[in-house]
Structures are given as structure tokens and as C-alpha cells.
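Visitor:
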Ligand SMILES: [Zn+2]
């Protein structure tokens, strides 16, 4: 909660304002522990002065996003933020569900590739299929699963709808059936940018590091982490 010299709206002493919108607060009863609650009329949120549980602070989600992008694992994050690992997992899923791919423009060139990793145990391989816009180098579409036509189609369909100039892929046979010949190329070295992006992902996201035990325990978390890395601001 921010201490300011703004005069109060009603009866809170003129020294506090809302964390979210800096609006004035009014008293709003007490919480289960007997602490004074406050209500912001501007953003319709309630708050207390000093939270016992760290996860309630408004800056927690931005910190989780920043640490995820720095490749910090779930348990390390829980220790650093003094929050339970379960809360971190829930927050990551929630944050990822609010993120969407960037808007695509027509007539662009894309590179599509799959990145192999594991979930639960080393005998369970799984792939992150994704597309990179060649000009902006942004990840514009992604899906997690096996290398089936279904998963690859989830990545390709949004691209095909925008009438792409060309889609560059590796020599995986599935692509021949999924992409029209006129806009499909498997030319040598045409997927250099996405191959380099694979290395960046492996370096920055702990669960994609090779030769570690840090791989994902669940597919939803894997997808959530990649979505946050690629699409959060
Ligand atoms: Zn507010």
C-alpha cells in the first residue's frame, strides 16, 4: 500500500491509497484475522495494510512472470518469493490462460519447427511445435503434444488463414500433407532462425535444459511456461 499525502475519501486518515489505481480508500470492515480492510471505489478492490501471506501482494504476478522468463524453476521461485509452490503453479496457469498470440498479418513468411523435451519421466517424449514469423522473429503460434497432424495443425491453421507467402519447415513428412505445395518450402538452412530460437528456449527455460532432471511433470505447466515466455510483456 502506498503512503501519500492525498487527503482521504472518508475516514482512513489521509495517508493511504490503492495499490492498483492509486485511488482513495474507505474502511471496509475487518478480515478473518481482525485486520482492517479497505475498499477502493475506483477499481472496486479490497485490500489490507500488511498482508500476512506474500502471494496477496499486487506485485506477485509480475514477479512470477519475470522469474519464469529468467528460467527460475517452480521450487526456487517459491523460496525466493516466500510463497508455496502450489500457489506458484496455480498463478502460472492463471497467467498463461490470459495470454494470447500476437495478431498475424497477411502475406508473411513463417518458420515452423518442433522442440523435443520430456514430461513426467525420461521415457515420455513430448514436442513443443511452434511457428516464428520470419520478419519480426516473434513466436506467433504454438502447441504442445506429440508430433501428430492434429498438434501440427493447431500451429499451422492460424498461419494458413492469413494467406502466407511461404512456410519453411524441416523434412518431417507430416508437413507435406498439411501445407499446400505452393506455400511450403523445406529448402536447406531455411529454418535457421527457429533452430536458433530452440537454443534460446533451452537456455532460458530450466525445464528445457538438456541432461537435467528439471523437465516438466505435467503438460499443462510446460505449455503455460512457454506461453508466458513467448507472449507475456
Ligand atoms: Zn483502486
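In my numbering, the protein residues as written are 96 to 328. All residues carry an ideal CB built from backbone N, CA and C; glycine is no exception. A quick note: this is a predicted structure, and the numbers were derived from the prediction, not measured.
What does a CB cutoff of less than 7 Å around residue 168 pick up in its chain, not counting 5 residues either side in sequence?
Guide: The count along the chain shown starts at 1 and reaches residue 168 at position 73. Only 301 and 309 meet the Cβ criterion.
Visitor: Given residue 243, which residues of its chain have a CB within under 8 Å of its CB, disregarding the five upstream and five downstream residues?
Guide: Position 148 of the chain shown holds residue 243. Counting only Cβ-Cβ distances below 8 Å, and skipping sequence neighbours, we find 269.
Visitor: May I have the straight-line CA-CA distance separating residue 321 from residue 151, to the nearest angstrom?
Guide: As a position in the chain shown, residue 321 is number 226, starting the count at 1. As a position in the chain shown, residue 151 is number 56, starting the count at 1. C-alpha separation (whole angstroms): 25 Å.
Visitor: Fully enclosed by the region 119-188, which alpha helix (DSSP H) runs are 4 residues long or longer?
Guide: 155-164 and 169-176
Visitor: In chain order, what residues place their C-beta within less than 6 Å of a heavy atom belonging to ligand 1?
Guide: 113, 115, 116, 118, 135, 137, 138 and 140
Visitor: What does DSSP give as the partner residues of residue 228 in its beta bridges?
Guide: To locate residue 228, count along the chain shown from 1; it is residue 133. Answer by DSSP bridge pairing, in chain order: 205.
Visitor: Should the region 277-296 be regarded as contacting the region 224-232, the criterion being three or more beta carbon pairs within less than 8 Å?
Guide: yes
Visitor: Does DSSP put residue 248 in a helix, a strand or coil?
Guide: Within the chain shown, residue 248 is the residue found at index 153, counting from 1. DSSP places residue 248 in helix when its eight states are reduced to three.
Visitor: Measuring alpha carbon to alpha carbon, tell me which of 326, 129 and 135 ends up nearest residue 236.
Guide: Locating residue 236 in the chain shown gives position 141, counting from the first residue. Ranking the options by Cα distance to residue 236, first place goes to 326.
Visitor: Can you tell me whether residue 43 is helix, strand or coil according to DSSP?
Guide: The requested residue 43 does not occur in the structure, where the chain is confined to residues 96 to 328.
Visitor: Assuming residue 280 contacts residue 263 under a Cβ cut-off of 8 Å, what Cβ separation, rounded to an integer in Å, is found between them?
Guide: Residue mapping note: residue 280 aligns to position 185 of the chain shown, counting from 1. Residue mapping note: residue 263 aligns to position 168 of the chain shown, counting from 1. Residue 280 to residue 263, Cβ: 5 Å. Contact.
Visitor: In the DSSP assignment, find the beta strand (DSSP E) that holds residue 263 and state where it starts and stops.
Guide: The sequence position of residue 263 within the chain shown is 168, counting from 1. Segment 261-263, the beta strand (DSSP E) holding residue 263.
Visitor: Could you tell me the alpha carbon to alpha carbon distance between residue 138 and residue 113, rounded to whole angstroms?
Guide: Along the chain shown, read from residue 1 onward, the residue named residue 138 stands at position 43. Along the chain shown, read from residue 1 onward, the residue named residue 113 stands at position 18. Whole-angstrom Cα-Cα distance: 9 Å.
Visitor: I'd like to confirm the pairing. Which residues does DSSP put opposite residue 311 in its beta bridges?
Guide: By one-based count along the chain shown, residue 311 stands at place 216. Note: residue 311 sits in a beta bridge opposite 214.
Visitor: Looking at the structure shown, is residue 103 part of a helix, part of a strand, or coil, going by DSSP?
Guide: For the purposes of this step, residue 103 is identified with residue 8 of the chain shown, where counting begins at 1. Here residue 103 scores only 44 on pLDDT, less than 50, and its place in the model should not be relied on; the value that follows carries that caveat. DSSP places residue 103 in coil when its eight states are reduced to three.
Visitor: Considering only residues of the same chain and omitting the five flanking positions on each side of residue 194, which have a CB-CB separation below 8 Å?
Guide: Counting from one through the chain shown, the residue named residue 194 turns up at place 99. Leaving aside the five residues that flank residue 194 on each side, the residues in its chain whose CB is nearer than 8 Å to its CB run, in chain order, 322, 323, 326 and 327.
Visitor: Please name the residue in 128, 186, 136 and 233 whose C-alpha comes closest to that of residue 154.
Guide: Translated into positions along the chain shown, residue 154 becomes position 59. Here the closest residue by C-alpha is 186.
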